[in-house]
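*Asks:* Read in order, the letters of the sequence shown correspond to residues 6 to 736 in the working numbering.
Please find one structure pasted underneath; my questions will follow.
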Amino acid sequence: MQITGVTIQSPPEVDFSVTNQDGFPFTGLTTDDLRFTVAKLMPGSLGNPSSWQNYINREETATVGPGAGNTAIQATRENDGTLVDHGDGTYTYTFATDIVNVTSPIAVPYDATLTHRLAIQTRGALPAVNAVYTFRPSDGATQGIFTRDIVKTESCNECHNALELHDARIETQYCVTCHNPGSTDANSGNTVDFKVMIHKIHRGAELPSVEAGGEYAIWGFRDSKHDYSDVGLPQDIRNCTKCHDGDDPDTPQGANWNSQVSMEACGSCHDDIDFSKDGTVDPDGHPGGVVNDNSECLTCHAEGRIAGSVEASHVIPGRAEAEKYQFNIVDVTGGATPVIQISVTDPTNGDAPYDITAGDAVTNPVFRSSDARLSIMVAWSMFGGGENIDYNNAGSGGTDPITPGQPISVNPVEACEDGISDDADWVCTSASGIYTLTKQTPLPAGAAGTGRVGFEGHPGLPQGGRMILRSVVKDFAITDATPVSRREIVDIDKCNMCHDQLSLHGGNRTDEPQLCVMCHNPSLTDISYSRDFGDDSPFAGTPARPKFEDVDGNILYPLPSPLDGKTEASADLKRLIHGIHAAAFRTTVLQVRRDDFSHVRFPGILQDCETCHLPGTYELEGSLETPTLSGLQSTAVKTTPQVDDTNLDPAVYAAALIDQDDDLKISPTAAACSACHDSAVAEGHMKVPGGAVFDKTQADISNMVDGNFETCAVCHGPGRDADVEEVHAER
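What follows is the structure in structure tokens.
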């Protein structure tokens with residue numbers, strides 16, 4: 006839909022054209038199919054930013070809820086004018102509202118010299134389409150005029166895929182025509198001004214008012230409550246340029262967040278500040294004293310002023326410093342007895358190497374302080390090589406507490422400061438900034454194919470705190486002639502569309518999914534974290550709960566009561582990540598390591614797999630003759646099936662955790678699919694004869710691969726009736 010012209014002769018007339026998906030004229034639209042609105046852009050004054058003011062307004066009265074009976078003015082749209090269908094895909098609509106003479110419910114003076122914006126939307130069964138036309142009525146200009154374009158729809162859709170609200174409103178340029186400073190939610194009393202509402206929604210659960218026990222809600226159509234108090238932004242809230250890009254020609258006012266400061270914008274996130282009070286005497290007040298109007302803001306909040314610029318106040322600690330550091334895995338040799346060469350270099354100084362062992366915590370806080378942590382990880386598999394390899398790290402013995410399927414690791418700073426690690430299994434030499442770590446004993450017998458080394462952790466900041474650096478990995482041959490890299494199915498750049506810098510586990514593991522799979526492999530469950538063990542247990546968990554004795558003197562290690570009713574859950578990456586992102590879609594609570602993910606709300610289109618996946622990496626292999634034979638390992642869901650859960654003997658239990666042969670598993674395709682489709686009906690469907698299994702050992706599952714196992718691709722494979730790609734396609 007394209008607006009081709011606007012004429013304002015009292016009621017505005019707008020000419021527009023509509024084509025279908027093939028470019029042919031689309032006729033037959035009526036006013037039931039469309040909505041129209043028009044607003045003017047009022048220039049800022051006295052420090053106030055410019056703002057849109059709609060000509061079409063209504064008085065809303067709340068009928069139910071906390072504000073029942075309250076009234077408020079809200080901008081809106083109309084469709085009660087006259088629409089002429091010219092029969093060739095072109096239309097003319099004459100507004101019912103005479104914008105030259107608007108006096109009710111509020112007066113909105115007309116000024117032809119100001120920028121105006123007219124917008125049209127489809128509705129009902131039609132595809133969601135918005136058309137926006139920004140112009141100056143006095144001379145008809147559409148170029149070189151002030152537009153107040155601060156954010157654009159494409160930026161929103163990096164997280165939201167296809168942002169659609171209020172019955173097919175999908176363009177930010179349209180949103181601001183109604184979400185202007187004059188519009189208020191009658192029920193809650195909250196403004197729905199775009200710059201306030203959007204900031205508050207995105208900060209959601211971290212709003213000071215919410216953390217203090219309040220809520221942030223907007224009551225929408227027919228007084229339906231929309232509570233945003235549990236919204237969690239999946240990145241640092243201070244990353245203002247994620248949405249606001251002043252360098253983008255499509256958003257020429259994108260830098261307003263830093264240059265045009267206002268109480269309304271700043272107070273939207275910092276909603277515990279009362280600008281009418283002096284913060285030096287009142288804890289609820291503004292720290293800089295009473296602020297009477299927005300003209301005073303830049304007195305302090307500007308570069309060179311006492312409070313500094315807004316940009317400086319929103320710097321994420323350590324980001325600039327981290328640009329001077331880079332982890333490197335130079336080489337890995339030695340096969341089953343790895344010899345690993347690493348370095349840490351400065352990309353801003355010709356990749357000059359750092360001495361990670363020099364000095365002490367005071368003279369070299371980046372590497373030697375308590376805030377610093379570096380780690381080299383080694384992962385392997387007992388299942389041979391190939392791109393479909395899944396690590397299982399069998400025989401590693403786990404960590405403390407014992408966690409199945411974990412890689413081995415060594416701290417290079419500790420190992421290289423005196424040439425040998427505390428456990429004596431690694432010897433380190435160094436030359437010219439390259440540190441060579443040599444394992445003294447081979448990997449567990451049976452390690453085969455290709456292994457992987459990961460370099461992760463975080464240097465310390467000189468002023469204290471953690472520096473977040475991207476983790477790196479390098480594959481090495483164990484029994485393969487040359488390394489065969491594990492499959493890549495997700496793109497970290499796609500993850501960071503929402504997460505900006507995906508960093509987990511205390512900032513240790515950052516921006517590298519190929520590192521994540523080294524630990525989050527099919528053998529990993531949360532067994533050692535979902536149980537409560539005694540403080541003196543050899544595998545004490547955190548937090549611990551004291552053991553107790555029964556009437557016969559037996560020592561009991563009590564189990565917790567997890568929300569999902571399970572004593573352990575898989576932490577396999579394909580199952581964990583699908584489950585977290587689909588938390589609101591699932592029928593059961595997802596709880597892993599005592600973390601309840603039921604609050605997660607995926608902001609995009611959940612079924613659009615390519616939000617995260619690389620094209621072609623989520624489809625099923627196989628055909629009618631050949632079922633899914635991907636070579637992927639099955640996902641453990643019970644690691645100690647032979648152990649009495651009510652009377653745990655530490656020695657027996659530890660051995661059962663380390664032994665992966667008795668683990669009960671879900672077959673690989675079902676492990677991924679049932680992470681989202683977790684209902685009993687869905688599981689029953691997956692278990693049809695020849696389908697998936699949910700409770701067998703890896704050996705039993707491997708023996709079933711005889712042409713009649715996980716035949717999911719018969720229906721869900723490429724080109725089949727329920728092709729995964731087609732079923733999940735964005736419509």
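In this text, a Cβ means the ideal position worked out from N, Cα and C, and glycines have one as well.
All values reported here derive from a predicted model rather than from experimental measurement.
For a quick check, are the C-beta atoms of THR127 and ALA173 less than 8 Å apart?
*Replies:* For the purposes of this step, residue 127 is identified with residue 122 of the sequence shown, where counting begins at 1. For the purposes of this step, residue 173 is identified with residue 168 of the sequence shown, where counting begins at 1. A contact, by the Cβ cut-off of 8 Å.
*Asks:* Buried or exposed: VAL43, going by 16 or more other Cβ atoms within 10 Å of its Cβ?
*Replies:* In the sequence shown, the residue the question calls residue 43 occupies position 38. Answer is buried; the Cβ neighbour count reaches 16.
*Asks:* Among the residues of its own chain, which have a CB less than 6 Å from the CB of THR196, if the five just before and after it don't count?
*Replies:* Here residue 196 refers to the residue found at position 191 of the sequence shown. So the list reads THR189, once near-sequence residues are dropped.
*Asks:* Rounded to whole angstroms, what is the Cα-Cα separation between GLY459 and LYS230?
*Replies:* As a first step, residue 459 must be located in the sequence shown, where it is residue number 454. As a first step, residue 230 must be located in the sequence shown, where it is residue number 225. Looking at the two C-alpha atoms, the distance is approximately 47 Å.
*Asks:* Give the DSSP bridge partners of ASP351, in chain order.
*Replies:* Here residue 351 is taken as the residue at index 346 of the sequence shown, counted from 1. In the DSSP output, where bridge partners are listed per residue, ASP351 has ALA357.
*Asks:* Please classify PHE41: does DSSP put it in a helix, a strand, or coil?
*Replies:* Indexing the sequence shown from 1 puts residue 41 at position 36. It is a strand residue.
*Asks:* What does the alpha-carbon distance come out to for the pair GLU517 and GLY454?
*Replies:* By 1-based counting over the sequence shown, the position of residue 517 is 512. By 1-based counting over the sequence shown, the position of residue 454 is 449. Going from the Cα of GLU517 to the Cα of GLY454 covers about 22 Å.
*Asks:* Would you mind sorting PHE538 into buried or exposed? The rule is 16 or more other CB atoms within 10 Å of its CB.
*Replies:* Walking along the sequence shown from the start, residue 538 turns up at place 533. Bear in mind that the predicted position of PHE538 carries a pLDDT of just 46, short of 50, making it unreliable; the figure below should be weighed with that in mind. When all chains shown are included, PHE538 counts as buried.
*Asks:* Provide the residue span of the alpha helix (DSSP H) that contains ASP705, from first to last.
*Replies:* What you label residue 705 is simply residue 700 of the sequence shown in a count that begins at 1. From DSSP, the alpha helix (DSSP H) with ASP705 extends over 703-709.
*Asks:* Do MET382 and PRO417 have their C-beta atoms closer together than 8 Å?
*Replies:* Here the question's residue 382 lines up with position 377 in the sequence shown. Here the question's residue 417 lines up with position 412 in the sequence shown. Taking 8 Å as the Cβ cut-off, MET382 and PRO417 do not qualify as a contacting pair.
*Asks:* Strictly by DSSP, which residues pair up with SER414?
*Replies:* Along the sequence shown, read from residue 1 onward, the residue named residue 414 stands at position 409. Paired residue(s): MET382.
*Asks:* Give a yes or no on contact between the segment 150-157 and the segment 59-68, applying the rule of three or more CB pairs nearer than 8 Å.
*Replies:* no
*Asks:* If ASP667 and THR702 are in contact, beta carbons under 8 Å, what's the gap, nearest whole angstrom?
*Replies:* The count along the sequence shown starts at 1 and reaches residue 667 at position 662. The count along the sequence shown starts at 1 and reaches residue 702 at position 697. 6 Å between Cβ atoms; contact.
*Asks:* Relative to the alpha-carbon of LEU442, which residue among GLY339, GLU328 and ILE497 has its alpha-carbon at the smallest distance?
*Replies:* The residue you call residue 442 lines up with position 437 of the sequence shown. That would be GLY339, whose Cα lies nearest to the Cα of LEU442.
*Asks:* Can you check DSSP and say which residues form a bridge with ASN398?
*Replies:* Start at 1 with the first residue of the sequence shown, and residue 398 comes out as number 393. In the DSSP output, where bridge partners are listed per residue, ASN398 has none listed.
*Asks:* Just how far apart, CA to CA, sit ASN162 and THR434?
*Replies:* As a working note, residue 162 is residue 157 in the sequence shown. As a working note, residue 434 is residue 429 in the sequence shown. Spanning the two alpha carbons is a distance of roughly 49 Å.
*Asks:* Going along the chain, which residues of its own chain have a beta-carbon closer than 7 Å to the beta-carbon of ASP336, five neighbours each way excluded?
*Replies:* Residue 336 sits at position 331 when you count from the first residue of the sequence shown. Closer than 7 Å at Cβ, skipping near neighbours: GLN346.
*Asks:* Pull up the distance between the alpha-carbon of PRO352 and that of LYS329, whole angstroms please.
*Replies:* Taking the sequence shown and counting its residues from 1, one reaches residue 352 at position 347. Taking the sequence shown and counting its residues from 1, one reaches residue 329 at position 324. Answer to the nearest angstrom: the Cα atoms are 6 Å apart.
*Asks:* Mind checking which residues open and close the beta strand (DSSP E) that includes CYS433?
*Replies:* Here residue 433 corresponds to residue number 428 of the sequence shown, with the count starting at 1. 431-436 is the extent of the beta strand (DSSP E) around CYS433.
*Asks:* Return the first residue and the last residue of the alpha helix (DSSP H) that GLY584 is part of.
*Replies:* Mapped onto the sequence shown, residue 584 falls at position 579. Element bounds for GLY584: 578-586.
*Asks:* Taking contact to mean at least 3 C-beta pairs separated by less than 8 Å, is the segment 351-367 in contact with the segment 443-453?
*Replies:* no
*Asks:* Could you work out which residue in SER603, PRO239, PHE388 and GLY86 is closest to PRO16 when comparing CA atoms only?
*Replies:* Looking up residue 16 in the sequence shown gives position 11. The shortest Cα separation from PRO16 among SER603, PRO239, PHE388 and GLY86 belongs to GLY86.
*Asks:* Under a Cβ-count criterion, where at least 16 other Cβ atoms within 10 Å of its own Cβ denotes burial, should THR9 be classed as buried or exposed?
*Replies:* Position 4 of the sequence shown holds residue 9. Exposed: under 16 other Cβ atoms inside 10 Å.
*Asks:* Going by DSSP, what residue range makes up the beta strand (DSSP E) through VAL478?
*Replies:* In the sequence shown, counting from the first residue as 1, residue 478 sits at position 473. Counting along the chain, the beta strand (DSSP E) containing VAL478 begins and ends at 477-482.
*Asks:* Quick check on DSSP: helix, strand or coil for LEU303?
*Replies:* By 1-based counting over the sequence shown, the position of residue 303 is 298. Residue state, collapsed to three classes: helix.
*Asks:* Buried or exposed for SER528, going by 16 or more other Cβ atoms inside 10 Å?
*Replies:* Here residue 528 corresponds to residue number 523 of the sequence shown, with the count starting at 1. Looking at its Cβ environment, which holds 16 or more other Cβ atoms inside 10 Å, SER528 is buried.
*Asks:* Around the Cβ of THR68, are there at least 16 other Cβ atoms within 10 angstroms (buried) or fewer (exposed)?
*Replies:* For the purposes of this step, residue 68 is taken as residue 63 along the sequence shown, with counting starting at 1. It is exposed - the Cβ of THR68 has fewer than 16 other Cβ atoms within 10 Å.
*Asks:* Going by DSSP in three states, ARG550 sits in which element: helix, strand or coil?
*Replies:* Reading the sequence shown from its first residue, position 545 is the one you call residue 550. Only weak support exists for where ARG550 lies, its pLDDT of 38 falling under 50; the value from the coordinates is given anyway. DSSP places ARG550 in coil when its eight states are reduced to three.
*Asks:* Under DSSP, the alpha helix (DSSP H) around HIS737 begins and ends at which residues?
*Replies:* With the chain covering 6 to 736 only, the question about residue 737 has no answer from this structure.
*Asks:* Within 8 Å, do at least three Cβ pairs link the segment 414-429 to the segment 379-398?
*Replies:* yes
*Asks:* Just the C-alpha distance for CYS503 and ASP235, rounded to the nearest angstrom, thanks.
*Replies:* Counting from one through the sequence shown, the residue named residue 503 turns up at place 498. Counting from one through the sequence shown, the residue named residue 235 turns up at place 230. Cα-Cα distance, rounded: 17 Å.
*Asks:* Spell out a yes or no on whether the segment 198-210 and the segment 71-81 are touching, meaning 3 or more CB-CB pairs, one atom from each, closer than 8 Å.
*Replies:* no
*Asks:* The beta strand (DSSP E) that contains ASP232, what's its start and end?
*Replies:* Translated into positions along the sequence shown, residue 232 becomes position 227. Note, ASP232: beta strand (DSSP E), 230-232.
*Asks:* Would you be able to state if there are at least three C-beta pairs under 8 Å between the segment 10-30 and the segment 128-142?
*Replies:* Output reads yes: the segment 10-30 touches the segment 128-142.
*Asks:* I'd like to confirm the pairing. Which residues does DSSP put opposite ILE671 in its beta bridges?
*Replies:* One-based indexing of the sequence shown puts residue 671 at position 666. THR640, per the DSSP bridge assignment.
*Asks:* Can you give me the start and stop residues for the alpha helix (DSSP H) that ILE203 sits inside?
*Replies:* Numbered from its first residue, the sequence shown carries residue 203 at position 198. From DSSP, the alpha helix (DSSP H) with ILE203 extends over 199-208.
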